[in-house]
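Number of protein chains: 2
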Amino acid sequence: MALIVQKYGGSSVADGQKIGNVARRVALSAGDNQLVVVVSAMGKTTDGLLALAHQVSPSPDPREMDMLLATGEQVTIALLTMALHALGLRARSLTGFQAAIRTDEAHGKARIKRIDAERVRAALHAGEVAVVAGFQGLSEADEITTLGRGGSDLTAVALAAALKADVCEIYTDVDGVYTADPNIVPEARKLSRIAYDEMLEMASLGARVLQSRSVEFAKKYAVPVHVRSTFKPDPGTLVTREETAMEDVVVTGVTHDRSQAKISILRVPDRPGIAAQVFGSIAERTIVVDMIVQNISRDGYTDISFTLPRRDHARAAAALEEIAKTVGAEGIVHDERVAKVSIVGVGMRSHSGVAAKMFATLARESINIQMISTSEIAVSCVIEDKYTELAVRALHDAFELARERPAERGAHP
Amino acid sequence: MALIVQKYGGSSVADGQKIGNVARRVALSAGDNQLVVVVSAMGKTTDGLLALAHQVSPSPDPREMDMLLATGEQVTIALLTMALHALGLRARSLTGFQAAIRTDEAHGKARIKRIDAERVRAALHAGEVAVVAGFQGLSEADEITTLGRGGSDLTAVALAAALKADVCEIYTDVDGVYTADPNIVPEARKLSRIAYDEMLEMASLGARVLQSRSVEFAKKYAVPVHVRSTFKPDPGTLVTREETAMEDVVVTGVTHDRSQAKISILRVPDRPGIAAQVFGSIAERTIVVDMIVQNISRDGYTDISFTLPRRDHARAAAALEEIAKTVGAEGIVHDERVAKVSIVGVGMRSHSGVAAKMFATLARESINIQMISTSEIAVSCVIEDKYTELAVRALHDAFELARERPAERGAHP
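Chains as they are written, first to last, in my numbering: chain A, 3 to 415; chain R, 3 to 415.
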């Protein structure tokens with residue numbers, strides 16, 4: 003008998019019929035297992051509630067917004083539990099407060115502090131499926147809080163950690179994590195396993211699958227997370243702790259991100275405090291910067307380049323024209339037509355020459371590299387946007403990602 | 003500085019714009035007063051949730067139904083609080099569990115056991131309007147419960163009792179309690195005051211205004227209830243404890259009820275247990291009987307007549323045909339075209355001849371009385387339905403109800 007936490011997102015429970023389908027999916031898993039099911043609000047419910055809020059107030063209070071939005075998941079848990087009863091299963095719905103999901107006071111983006119889960123355990127011991135509202139919790143002051151984007155995944159992972167579940171299954175509309183985007187690389191392969199750190203680095207690819215907050219939480223508490231399809235019975239991808247065999251594989255996947263733009267400030271005087279001034283002015287505009295590259299200075303001047311979300315590009319460029327004057331730089335150049343291509347793999351820790359092979363592969367295709375940034379388990383290059391598909395395919399090929407990795411053989415839960 | 007509990011029903015908060023109107027109404031009352039505002043679910047929300055429930059389950063579990071329905075009021079409290087903030091008022095929403103409205107375990111029709119109201123008091127002390135979800139509570143086992151029909155009124159009255167509020171204002175789409183239905187009697191007068199017991203007896207008229215559960219609760223804890231219009235600023239009707247001056251008025255109002263039918267069982271053997279057998283078979287079919295009349299027997303036989311909701315009439319008649327045979331009665335007769343006309347007034351306790359005057363008034367209009375029933379403060383007659391308007395007008399006239407009662411002069415809160 004296993005203890006399984008399952009999570010179904012908003013599109014999986016968008017209407018009564020889909021809730022019925024999820025109930026049948028849950029019933030299939032029930033068998034001998036103890037089941038906790040975490041659900042999100044139905045389809046467009048949250049959007050509807052947000053629209054109502056903005057109808058009555060130009061700037062709704064975050065506490066009241068949480069009070070409002072938390073109703074979405076409460077509706078779903080009640081309906082799913084009714085649907086499970088209709089199939090003859092014993093089940094019980096629990097709100098965030100009933101499941102004792104305790105958070106801090108940060109309305110709209112609360113962090114889970116602890117889960118007592120007493121009532122969840124009681125339901126399981128009574129032979130019931132525990133259906134828990136995702137995305138919501140209760141602060142120490144008994145205020146209703148919400149966890150922000152990806153919050154229901156986080157609820158599921160945190161419950162799995164608290165209950166020491168055997169696995170946390172995240173049901174979604176994709177069927178797993180691939181070695182590259184299958185729309186670009188037809189031979190891209192679904193990974194049966196991936197390490198937490200790899201999943202974090204593949205966030206740009208994985209964002210559609212799993213928020214990095216949930217992966218970090220899963221890593222911290224060693225919760226195995228199984229990302230799989232709501233609509234297909236096949237196993238998906240298991241996100242799990244790093245295993246020795248994984249290191250034999252140098253590169254696990256190729257990711258790309260076309261949502262960025264690049265800005266360079268040219269001939270900046272190389273003085274302490276300049277970078278702080280530049281990025282301070284960007285942060286003030288709540289623009290999140292991704293890669294930052296600054297090379298060694300020549301003649302007391304240097305160039306600073308960074309990437310940022312393409313939608314913030316015009317705002318940031320305008321702000322930086324000012325800053326460039328203030329700090330005595332020559333000026334700025336910016337480019338919207340860039341993409342970031344990355345290779346990711348825990349094996350890089352123990353293998354050398356990986357970056358060189360990536361650069362050589364891109365050179366062979368005559369793709370110019372505009373910026374380079376590396377982490378312990380990833381190498382990223384900024385290139386001209388039009389070469390994205392070519393670069394991803396070439397790298398997928400060069401690192402032989404279509405071949406099954408030894409670590410994956412027979413490795414599935 | 004007064005402490006006022008206000009309650010706004012579903013039609014008053016049916017959309018964003020109406021919630022804005024209620025917020026402005028609340029703001030007008032705020033001034034120096036401490037305010038608790040109880041709200042229902044928005045307009046058709048509950049119907050929508052019920053439809054969803056029946057889509058996923060043929061017979062939804064009452065616990066899960068409460069879990070589902072309680073979201074309706076939670077949405078309204080959040081939106082109203084946002085709207086109050088937008089007007090510059092300090093306000094805080096509280097769910098049934100946060101307001102510590104403790105009930106028994108009877109899902110769908112829970113009874114309030116106690117209200118700690120600590121957080122409501124804290125909000126008031128902090129200078130905030132406390133916006134509380136009506137209709138919902140929390141059982142001792144921390145299960146979400148709902149109070150059933152008229153539940154939000156009950157929440158308001160119970161909170162007023164717990165907080166020792168100066169008044170509980172029920173805002174509704176009628177502007178008070180009238181001496182008779184103004185659609186039938188144009189000169190019907192809005193009562194400025196009415197005793198709890200009178201309000202209870204006038205349930206058939208008052209049901210649209212206030213459920214009898216709330217009136218009973220208000221009576222028990224001596225909570226003054228002010229029934230008034232959401233849309234007009236004029237004072238409405240104060241439901242309050244009986245005062246000596248009220249007794250000077252014999253009749254307070256005339257009510258009528260056209261939703262009933264009449265059934266008689268003819269020549270029933272007058273033996274112990276027969277009535278139990280007859281009404282037992284009716285109760286088994288969950289049909290609620292209103293008036294019951296049994297006269298003295300002749301030759302060991304008697305007739306039993308009763309009224310019941312018109313919609314249950316056919317079902318009940320079919321069942322009674324059987325029962326009549328079993329108990330050896332002659333048969334049954336039934337009539338859908340009846341109405342009940344009543345006069346109500348606490349003054350009847352100390353005045354005689356009131357019933358006689360009613361009968362004489364009806365006789366003068368040649369209206370035949372089919373059944374009579376009396377309580378301490380009311381006399382009811384069943385008559386042919388087509389005479390309803392005539393009877394109500396004649397009685398309103400005979401008891402001079404268009405004239406202001408001495409007890410009401412300058413009596414308004």
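We put the CB at the ideal spot given by N, CA and C, even for glycine.
How should residue i be labelled, buried or exposed, when 16 other C-beta atoms within 10 angstroms of its C-beta is the threshold for buried?
i	result
residue 9 (chain A)	buried
residue 109 (chain A)	buried
residue 298 (chain R)	exposed
residue 223 (chain A)	exposed
residue 354 (chain A)	exposed
residue 62 (chain A)	buried
residue 135 (chain R)	buried
residue 3 (chain R)	exposed
residue 307 (chain R)	buried
residue 414 (chain A)	Reliability fails at residue 414 (chain A), whose pLDDT of 45 lies under 50, so the model's placement of it is uncertain and no value is given.
residue 412 (chain A)	In this predicted model, residue 412 (chain A) has a pLDDT of only 45, less than 50, meaning its place in the structure is not dependable enough to derive any value.
residue 219 (chain A)	buried
residue 139 (chain R)	buried
residue 245 (chain R)	exposed
residue 402 (chain R)	exposed
residue 233 (chain R)	exposed
residue 19 (chain R)	exposed
residue 71 (chain A)	buried
residue 30 (chain A)	exposed
residue 66 (chain R)	buried
residue 194 (chain A)	buried
residue 127 (chain R)	exposed
residue 33 (chain R)	exposed
residue 142 (chain R)	exposed
residue 338 (chain A)	exposed
residue 342 (chain R)	buried
residue 323 (chain R)	exposed
residue 393 (chain A)	buried
residue 330 (chain A)	exposed
For residue i, I'd like the list of residues in its chain whose CB is within less than 7 Å of its CB, leaving aside the five on either flank, ordered along the chain.
i	result
residue 196 (chain R)	179, 239, 241, 254
residue 314 (chain A)	289
residue 68 (chain A)	109, 110, 146, 147, 148
residue 381 (chain R)	344, 345, 356, 357, 360
residue 12 (chain R)	42, 43, 44, 45
residue 319 (chain R)	265, 334, 336
CB-CB under 6 Å to residue i, same chain, minus the five flanking residues each way: which ones, in chain order?
i	result
residue 356 (chain R)	252, 350
residue 159 (chain A)	170, 216, 219, 220, 225
residue 137 (chain R)	75, 148, 149, 153, 154
residue 125 (chain A)	94, 132
residue 184 (chain A)	190
residue 181 (chain R)	190, 191, 255, 403
For the region 175-194 of chain A against the region 136-151 of chain A, are there 3 or more C-beta pairs whose distance is under 8 Å?
Per the Cβ contact rule, the region 175-194 of chain A is not in contact with the region 136-151 of chain A (fewer than 3 Cβ pairs under 8 Å).
Decide yes or no for the touch test of the region 78-95 of chain R against the region 112-120 of chain R: beta carbon pairs closer than 8 Å, at least 3 of them.
These segments do not touch.
Given 8 Å, three or more beta-carbon pairs between the region 81-97 of chain R and the region 163-178 of chain R:
Not touching, per the Cβ criterion.
Does the region 364-374 of chain R come within contact of the region 270-283 of chain R, defined as at least 3 CB pairs closer than 8 Å?
Contact between the region 364-374 of chain R and the region 270-283 of chain R is absent, because fewer than three Cβ pairs lie under 8 Å.
Within the region 198-259 of chain R, note down every full alpha helix (DSSP H) run reaching 4 residues or more, in order along the chain.
You should have 198-203, 205-208, 214-222.
Within 8 Å, do at least three Cβ pairs link the region 52-60 of chain R to the region 92-99 of chain R?
Under the 8 Å Cβ criterion, the region 92-99 of chain R does not count as touching the region 52-60 of chain R, having fewer than three qualifying pairs.
Could you name the residues of the region 140-156 of chain R whose beta carbon sits closer than 7 Å to any beta carbon of chain A, in the order they occur along the chain?
Taking 7 Å as the Cβ-Cβ cut-off against chain A, the residues of the region 140-156 of chain R that qualify are 144.
Using a Cβ cut-off of 7 Å, which residues of the region 12-43 of chain R contact any Cβ in chain A, in chain order?
Answer in chain order: 18, 21, 22.
Could you list the residues in the region 97-111 of chain A with a C-beta less than 8 Å from some C-beta on chain R, going in chain order?
Residues 97, 99, 100.
Cβ contact (3+ pairs, closer than 8 Å) linking the region 332-351 of chain R and the region 259-268 of chain R
Proximity of the region 332-351 of chain R to the region 259-268 of chain R meets the contact definition, three or more beta-carbon pairs being nearer than 8 Å.
Closer than 7 Å between beta carbons: that is the criterion. Which residues of the region 54-73 of chain R meet it against chain A?
Listed in sequence order: 54, 55, 57, 58, 59, 60, 62, 63, 66, 69, 70, 73.
What are the residues in the region 83-97 of chain A lying within 7 Å of chain R by C-beta distance?
Answer in chain order: 83, 84, 85, 87, 88, 95.
Segments assigned beta strand (DSSP E), at least 3 residues, entirely inside the region 294-361 of chain R
Annotation note: the region 294-361 of chain R contains the following uninterrupted beta strand (DSSP E) runs of length 3 or greater, listed N- to C-terminal: 294-296, 303-311, 333-337, 340-346.
Ordered list of alpha helix (DSSP H) runs contained in the region 382-410 of chain R, each at least 4 residues:
Segments of the alpha helix (DSSP H) lying fully in the region 382-410 of chain R: 390-400.
Would you mind listing the beta strand (DSSP E) stretches within the region 258-297 of chain R that are 3+ residues and don't spill past its ends, in chain order?
Counting whole runs of 3 or more residues, the region 258-297 of chain R contains the beta strand (DSSP E) stretches 262-271, 294-296.
List in chain order: all unbroken beta strand (DSSP E) runs of 3+ residues lying wholly within the region 86-118 of chain A.
Taking only runs of at least 3 residues, the beta strand (DSSP E) segments lying wholly in the region 86-118 of chain A are 93-96, 103-105, 114-117.
Residues in the region 252-278 of chain R with C-beta within 8 Å of chain A's C-beta atoms, listed in sequence order?
For the region 252-278 of chain R, there are no residues whose beta carbon sits under 8 Å from a beta carbon of chain A.
Report the residues of the region 110-129 of chain R with a CB closer than 9 Å to any CB of chain A, ordered along the chain.
Those residues of the region 110-129 of chain R that come within reach of chain A (Cβ to Cβ, closer than 9 Å) are 121.
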